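Numbering (our numbering), first residue to last: 5 to 306.
Backbone N, C-alpha and C fix where the C-beta goes; we use that ideal spot for every residue, glycine too.
Just so we're clear, the structure is a prediction, and the values are computed from it rather than from any experiment.
Heads up: the structure comes next, in structure tokens.
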Amino acid sequence: MEPLRIGNLELDGRGPWVMGVLNVTPDSFSDGGRFDDPGRAFEQARRMVAEGADLIDVGGESTRPASREVGAEEEASRVVGVIRRIVAELSVPVSIDTRKAAVARAAIEAGASLVNDVSLLRHDPALLGVVASAGVPIVLMHSRGTPADMREHARYLDVVAEVKNELAAALDRAVEAGVERSRIWLDPGIGFAKTAAQSVELLARLDELAALGQPLVVGPSRKSFIGEITGAPVEDRLGGTAAAVAIAVLKGAQIVRVHDVGLMRQAARIAWAARQAQAPARAQHAESTRYESAATRAGGAS
Ligand code: HH2
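Below, the structure written as structure tokens:
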């Protein structure tokens, strides 16, 4: 796989990337209203960078179930100044979490170097053109329906196979529209049109999505599946988030999108180290299977 590039940074195999969440919104599910003032948003970005964030994902519209859609102008006005200041004062790449072409364009002009689309290209047909012509990477996150009705779409016979097929179709669309394959990252969309059981299954079988050959982003941070399984309220889901981050990285995620950067960076790094430690064992297993099948072909199956 080619190294991941964003702006002039490169993910060179040294470990998972941590994407710090910055919601400049009044109504996000876990931090709504905490950072909707530009000064407080910038301070939060600074804190996340100090804790080891590799990039900051700035969003100006909540997409939690049943959230209110925000107009492009209002959304852009929430994020543009904050992005400009982060890019100027903190040396960290910024991604823009938006479904809208106009917001993506304004954010890229302000210095964002990645577009994070939670609509899987369904919301705005002009988004791909903006991404392709700017030459920035894009995260294609799996979802169905809209934030208003996504709960009704959590119906799958095999959630992993269907998410994989829908991600593969979006990947093809992006490539056809002129986005370079190496600039496309995929995300199973934990909690988006997924029940708690489906979200957990996607984490547990994430390696099946790795077969698509693209970098994987996973965003389990503080989400409701953790509350449903553990009973913990949204302000007390650090342990559940850390476990989900560790599973995601062990199963093949390269980027984790989290609110609590310092703690989740530790969890991600331990899981990454464990994954590296498994690699020789996997290679050995592949080698022994090869010997076995050669022996079987030669008739020496004893
Ligand atoms: N989750 C949320 C928003 N954007 N992007 C990616 N790639 N993956 C995710 O899992 C993901 C995402 C929802 O979380 P949050 O931003 O904290 O909440 P809200 O949508 O209420 O602002």
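Distance CB(residue i)-CB(residue j) smaller than 9 Å
{"i": "V86", "j": "A45", "result": "yes"}
{"i": "L206", "j": "V163", "result": "yes"}
{"i": "P219", "j": "Q258", "result": "yes"}
{"i": "L124", "j": "A57", "result": "no"}
{"i": "V140", "j": "I10", "result": "yes"}
{"i": "V84", "j": "A108", "result": "no"}
{"i": "L59", "j": "S95", "result": "no"}
{"i": "G256", "j": "L213", "result": "yes"}
{"i": "M268", "j": "G193", "result": "no"}
{"i": "V260", "j": "F196", "result": "no"}
{"i": "A152", "j": "S71", "result": "yes"}
{"i": "D325", "j": "T29", "result": "With the chain running from 5 to 306 in the structure shown, residue 325 is simply not present."}
{"i": "L131", "j": "P97", "result": "no"}
{"i": "P69", "j": "R155", "result": "yes"}
Residues bridged to residue i (per DSSP)
{"i": "G63", "result": "N27 and D101"}
{"i": "W189", "result": "V143"}
{"i": "I259", "result": "W21 and V221"}
{"i": "D121", "result": "L144"}
Residue i versus the options, residue with shortest Cα-Cα distance
{"i": "T67", "options": "R51, A49, D35 and P97", "result": "D35"}
{"i": "W21", "options": "V53, P129 and A158", "result": "V53"}
{"i": "A158", "options": "A200, S228, F39 and V253", "result": "A200"}
{"i": "G217", "options": "R126, L254 and R187", "result": "R187"}
{"i": "A277", "options": "D264, E180, V265 and V253", "result": "V253"}
{"i": "T63", "options": "A92, M23, K227 and A215", "result": "Per the sequence shown, the amino acid found at residue 63 is Gly instead of Thr. The residue with the shortest Cα to Cα distance from G63 is M23."}
{"i": "V179", "options": "I274, A136, D61 and P30", "result": "A136"}
{"i": "E93", "options": "E239, A247 and R51", "result": "R51"}
{"i": "A111", "options": "V262, P237, E78 and A236", "result": "E78"}
{"i": "R89", "options": "E113, Q270, N169 and G75", "result": "E113"}
{"i": "L190", "options": "E65, G182, P69 and V221", "result": "V221"}
Below-9 Å beta-carbon distance, residue i vs any chain C residue
{"i": "W189", "result": "In the structure shown, chain C does not exist; there is a single protein chain."}
What are the complete alpha helix (DSSP H) segments, minimum 4 residues, inside the segment 38-82?
Counting only runs of 4+ residues, the alpha helix (DSSP H) found wholly inside the segment 38-82 occupies 42-54, in chain order.
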